[in-house]
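Written out below as structure tokens is the structure these notes cover.
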């Protein structure tokens with residue numbers, strides 16, 4: 006009976022002692038120091054800083070600089086992992102930091118939700134600041150332009166109100182590999198380069214292993230170069246070169262702002278009316294021509310790396326590998342890493358090429374510092390915002406020369422931002438266009454400097470961009486495949502058309518694809534409009550909107566419990582009464598935890614699922630929408646809903662059986678008495694120790710299409726064209742390649758399942774085997790008739806947990822493909838979609854509805870399995886239930902007698 | 007007899023070992039690669055041919071002026087195959103984009119530059135020139151081209167074929183007289199060779215120079231001839247001369263050699279009053295004819311007020327690397343080394359062309375332990391460790407006990423509403439945390455637990471993990487009832503029964519919960535991110551994964567180093583726990 010005096014108890018005791026000791030030596034944060042001048046306590050203001058080493062260094066410098074200038078303020082940088090999620094959560098929790106850093110596209114969300122304070126009154130008190138913002142006319146009547154770039158305020162203005170002071174801006178430009186340019190004697194991009202220059206360079210740089218150009222100019226009978234209607238060279242395959250390039254010319258950046266830049270350079274726009282997007286989404290006309298330009302250059306001319314979806318991860322890896330000459334348009338966040346990690350070649354940045362209209366859509370994205378209404382010390386916070394965007398803060402910022410200071414005096418000065426000593430060499434590409442006046446083709450107005458990314462690019466319309474990007478992805482992703490399509494296309498439509506005819510026909514054919522993209526984008530746009538807080542203002546609001554569903558849910562659950570309890574009532578006897586008290590007592594920790602910590606959020610989310618709420622600011626903004634959220638998903642208005650459901654079901658159906666059966670098989674193998682078995686167990690267990698993020702990154706490298714181990718081994722085994730795991734949704738063994746990769750990942754970490762099985766195998770009483778042996782059962786029969794039945798409770802557990810877990814699979818896909826869902830949405834898992842809607846796009850109500858739909862599905866499956874469990878799950882304890890009852894009665898009788 | 011004992015046969019064991027070994031290959035190899043890659047430098051994690059070991063390739067070149075080998079980076083390796091030259095620069099130190107150079111070899115000169123406002127940007131310009139307008143000067147912008155609009159047809163597009171040969175490792179423009187050899191497609195008979203354009207200055211061993219000091223000639227070993235060169239006297243080095251091929255007379259060769267390289271260049275020219283100039287088309291009309299061209303090498307000029315041009319004198323530092331001057335900036339903030347200073351190249355990354363055979367190549371296995379040092383240089387490391395241990399310990403105790411007791415009640419106690427409650431317990435797991443984290447966060451804020459450890463610890467003491475409760479329940483359900491009855495007869499209440507009977511009987515479950523809780527708390531990232539604000543409160547996992555590895559793909563070597571180190575404690579716990587729950591478990595039958 007007293008077999009517990011062994012390591013387990015030691016372990017628990019040891020842990021307890023260790024904790025007691027630890028408690029006394031735990032670190033405590035420093036006390037705030039008093040103001041050295043007045044002796045009064047300093048005002049503490051908080052801001053979230055990035056957690057990367059570089060961010061921390063920068064923030065530390067800023068903190069020191071600011072506190073030296075303002076001895077009465079203690080600026081505290083909170084660690085935040087650099088995620089917007091933390092800021093949003095803090096705002097929703099009512100404990101927002103005193104200053105909020107926001108990129109222009111996030112600003113819309115904050116301002117529209119009424120989170121931020123209008124800074125105008127505080128600005129008005131500082132005459133110099135007003136001059137710097139608005140410009141001024143001196144005594145001689147000479148106008149002085151404002152020190153701030155005007156466009157950096159655009160996203161933060163609402164009429165006369167201003168909600169942030171800009172801290173820096175970043176713009177979009179090209180990255181190029183100088184070494185590759187040198188190698189093939191191609192001139193670097195210069196200030197005046199245009200689309201044609203980009204295309205010619207990209208094609209000239211796309212070479213095979215021997216350095217031969219893969220596409221060469223088409224020449225007519227007289228040997229003259231054939232040009233198309235734009236006057237551009239027509240290229241054809243070089244018969245002497247390999248079909249598949251080795252060095253690639255250009256990778257078009259498939260991200261939210263990528264196509265936007267090119268479309269606007271062509272005088273087009275996604276929205277019929279940018280700035281106030283009330284009209285429909287357009288992927289035709291100038292927009293389509295821009296897309297065709299990119300398509301023709303990248304896909305038809307094979308200048309982009311084969312088999313790469315241009316997710317940031319894979320694109321970055323291609324460029325880093327030194328076989329990609331140009332990529333873009335990218336902003337500054339690539340630059341941050343470029344400096345540290347591009348070491349094997351020389352690189353630089355170039356402004357975007359000018360479009361056929363002669364303009365360069367050198368779009369920029371400002372970041373501003375806003376002060377939330379929740380802030381306790383707005384004056385002190387404002388002083389920091391002013392200091393940061395002023396000369397002192399800007400001078401410190403310029404030492405990390407990737408963020409362009411918002412002031413002309415800093416950004417345009419070689420002493421500060423344009424320091425010639427730092428990479429990139431062409432940092433003028435970041436401030437260059439400030440000097441160029443241009444005419445906005447949409448408004449006809451002359452503008453100076455950057456075209457700022459319009460309201461349309463705000464987070465609210467995120468999925469419009471995503472719909473477009475996904476559509477483009479389908480065109481671009483198939484790098485190699487589309488080319489095949491192009492060939493097939495030629496064969497289908499013309500016996501032997503010349504290159505130009507074929508191109509024209511292909512262009513027409515692709516217009517259908519563009520129509521689809523347009524329809525998707527349009528749908529996303531309508532949805533975005535419907536969900537935005539300002540769309541309509543009727544209906545119940547606030548906490549009351551949520552009360553009804555919450556009450557209904559509460560009543561249902563309580564009624565269900567009471568009903569079940571009442572049904573059991575008939576069987577109650579005197580001993581059971583005592584047991585019942587103990588039962589409730591023993592589960593009381595959970596009851597307390599559930600009531601205090603779990604039930605509230607669950608009920609809350611039920612309530613929210615019937616509202617639309619942006620998860621920013623307080624609940625008073627939640628608006629009752631009835632069952633609209635559920636209806637949208639189930640009606641099929643959300644195309645990604647069914648896509649994500651399909652991906653999740655596919656994953657569950659494959660991964661769960663493999664895990665349950667595979668884990669058991671492994672555990673059976675490991676349940677042997679053999680020398681060194683501990684070693685084997687540990688070995689197989691190790692992969693499940695690694696955090697999922699680490700596993701995902703490891704797999705990203707292992708499954709790299711060109712340079713990863715997996716494809717290397719496949720090639721050694723004679724597979725000529727191993728699958729492009731990260732970029733193609735083409736099926737491998739009947740499953741989309743990325744899905745198979747995630748299933749491999751889950752199988753690799755099967756050790757966790759294994760040890761649970763092992764535990765249950767170890768618990769099987771030995772006399773059962775002895776009895777079986779006496780009965781003459783062989784090992785197979787022992788397995789089938791003793792082992793398996795005895796571990797069915799754990800099998801049952803693994804099945805339920807496997808289903809619950811795999812329905813909620815999320816992290817690996819999120820780390821691998823960002824929020825994108827992988828090639829062709831093949832790994833857009835349900836919870837990933839939910840996360841995108843609820844967190845990334847601020848549609849918490851819809852997200853909650855999605856969560857409850859998922860909940861319903863899992864619950865249904867679980868209940869079904871539970872109902873089926875009497876048929877196949879064997880409980881040693883319950884077999885003796887009847888007997889136990891007898892025993893209990895006998896005991897009770899004995900008790901009675903004893904009394 | 008348990009299953010374990012029946013498998014004692016030697017062949018069985020051999021077979022089992024074989025099977026386990028084969029199965030282990032896909033399990034272990036990625037791990038091995040992970041650990042080995044944590045010792046690589048970043049660019050070796052993903053290579054054209056996947057690699058296992060942390061190879062480090064070093065290239066060195068002997069710099070005669072410095073009298074020592076200089077580590078270099080080869081920027082363009084593929085040139086060697088075609089041209090016999092490599093472009094190199096001094097190797098950077100640990101990607102800091104600086105390298106160390108002997109302090110006495112850094113020359114400082116005063117340089118005067120001019121800065122003028124051009125548009126809104128102040129730019130470095132060429133020296134100001136007087137103009138007709140008083141008070142104004144004319145400045146030229148450095149490195150620009152002039153774009154002019156021209157009539158279509160005024161341009162001539164010609165292509166010229168340029169013959170180049172690799173001579174002494176240099177790509178030299180030559181004219182040759184060659185006759186093809188019918189039986190040798192890879193070779194020609196080279197009758198004469200003439201250098202037509204001077205090559206860049208390059209270093210060469212002085213002993214290869216022939217001729218007189220006035221008319222030096224270089225022995226081109228590959229052809230066995232001497233060609234006239236110009237020796238750059240300003241870069242005298244012991245044993246090394248800096249030379250340049252000069253254009254000269256045809257040289258009789260008469261040898262069978264590989265065919266000469268050809269490059270086809272398209273050249274656009276335009277007739278101007280001053281003669282024909284080379285231009286570059288920048289824009290074309292609908293017929294494909296150039297309408298705008300850039301006149302190469304011309305400066306854009308502006309007239310600016312005289313006072314606006316400022317002369318800036320600054321000290322320029324430069325080093326001489328293989329005879330070529332490189333502009334650098336001395337970095338005082340880098341760690342100093344005795345006798346050396348850290349210099350950072352200014353402007354473009356400078357490179358020098360050298361003959362490939364001058365570069366010594368060395369490839370050896372050098373584990374980059376620095377990755378680990380870097381990852382663990384987060385400050386204050388010891389505080390993070392203490393916090394993590396404290397949280398993890400309390401979480402383990404909490405989960406093992408509270409989930410155990412609740413699981414016991416659900417497994418063995420009979421009470422009304424049990425099944426309904428159990429379903430509710432399970433269903434708490436079915437709602438994704440993506441949705442519940444926000445209201446949970448608000449609750450913790452309201453009760454003032456933000457920026458404390460409570461949100462990370464308290465839930466584990468209140469059995470909120472349905473996973474563990476369910477696990478315990480399943481294990482307890484398999485415990486024979488007789489044992490409990492016996493305990494009850496001995497007078498044990500439910501708590502005693504739980505402590506003395508159920509927990510020991512479900513030891514595998516206890517250990518599983520311990521190990522899983524440890525893994526969860528040890529690696530938790532989201533919890534600390536959301537609930538802890540103060541740096542002093544942060545945990546190790548949060549610090550390592552966010553500070554150094556950006557939690558992503560960009561610095562795989564750091565991330566792998568962090569994962570490897572974080573894995574070790576879990577492994578130790580597992581190894582110990584394993585012994586605890588495997589030893590003597592099989593003797594748990596009911597006795598008598």
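Chains as they are written, first to last, in the working numbering: chain A, 6 to 904; chain B, 7 to 598.
Glycine residues also receive a C-beta, built at the ideal position from the N, C-alpha and C atoms.
Residue i (DSSP reduced to helix, strand or coil)
i              : result
residue 359(A) : strand
residue 324(A) : helix
residue 2(B)   : Residue 2(B) is absent from the model: chain B starts at 7 and stops at 598.
residue 215(A) : coil
residue 453(B) : coil
residue 268(B) : strand
residue 605(B) : As shown, chain B starts at 7 and ends at 598. That puts residue 605(B) outside it, with no answer to give.
residue 204(A) : helix
residue 196(A) : coil
residue 754(A) : coil
Cβ-based neighbour list, residue i, same chain, cut-off 7 angstroms, excluding 5 preceding and 5 following
i              : result
residue 253(B) : 201, 202, 203, 204
residue 25(B)  : none
residue 377(B) : 44, 45, 563, 564, 567
residue 259(B) : 196, 197, 198, 199, 229, 231
Rounded distance between the beta-carbons of residue j and residue i, thought under 8 angstroms
i              : j              : result
residue 361(B) : residue 174(B) : 6 angstroms
residue 669(A) : residue 762(A) : 5 angstroms
residue 223(A) : residue 241(A) : 5 angstroms
Neighbourhood of residue i by C-beta distance below 6 angstroms, restricted to the same chain and skipping five residues each side
i              : result
residue 63(A)  : 405
residue 635(A) : 854
residue 455(B) : 461
residue 368(B) : 64
residue 489(A) : In this predicted model, residue 489(A) has a pLDDT of only 45, less than 50, meaning its place in the structure is not dependable enough to derive any value.
Cβ of residue i within 8 angstroms of any chain A Cβ
i              : result
residue 61(B)  : no
residue 54(B)  : yes
residue 599(B) : This structure does not reach residue 599(B), given that chain B is present from 7 up to 598, and the question cannot be answered.
residue 523(B) : no
residue 175(B) : no
residue 408(B) : yes
Neighbouring residues, chain A, relative to residue i (Cβ below 9 angstroms)
i              : result
residue 433(B) : 607, 860, 863, 864, 867
Nonlocal neighbours in the same chain, by C-beta distance under 8 angstroms from residue i, ignoring five residues either side
i              : result
residue 372(A) : 106, 107, 108, 109, 171, 172, 173, 174, 175, 408
residue 80(B)  : 65, 92, 93, 94, 365
Interface flag, residue i vs chain B, CB-CB below 8 angstroms
i              : result
residue 702(A) : yes
residue 709(A) : yes
residue 560(A) : no
Interface partners of residue i on chain B, CB under 9 angstroms
i              : result
residue 287(A) : By Cβ distance, chain B contributes nothing, its closest Cβ being about 26 angstroms from residue 287(A), past 9 angstroms.
Chain-ordered neighbours of residue i on chain B, where CB pairs are closer than 8 angstroms
i             : result
residue 91(A) : 535, 536
Neighbouring residues, chain B, relative to residue i (Cβ below 7 angstroms)
i              : result
residue 584(A) : 419, 420, 421
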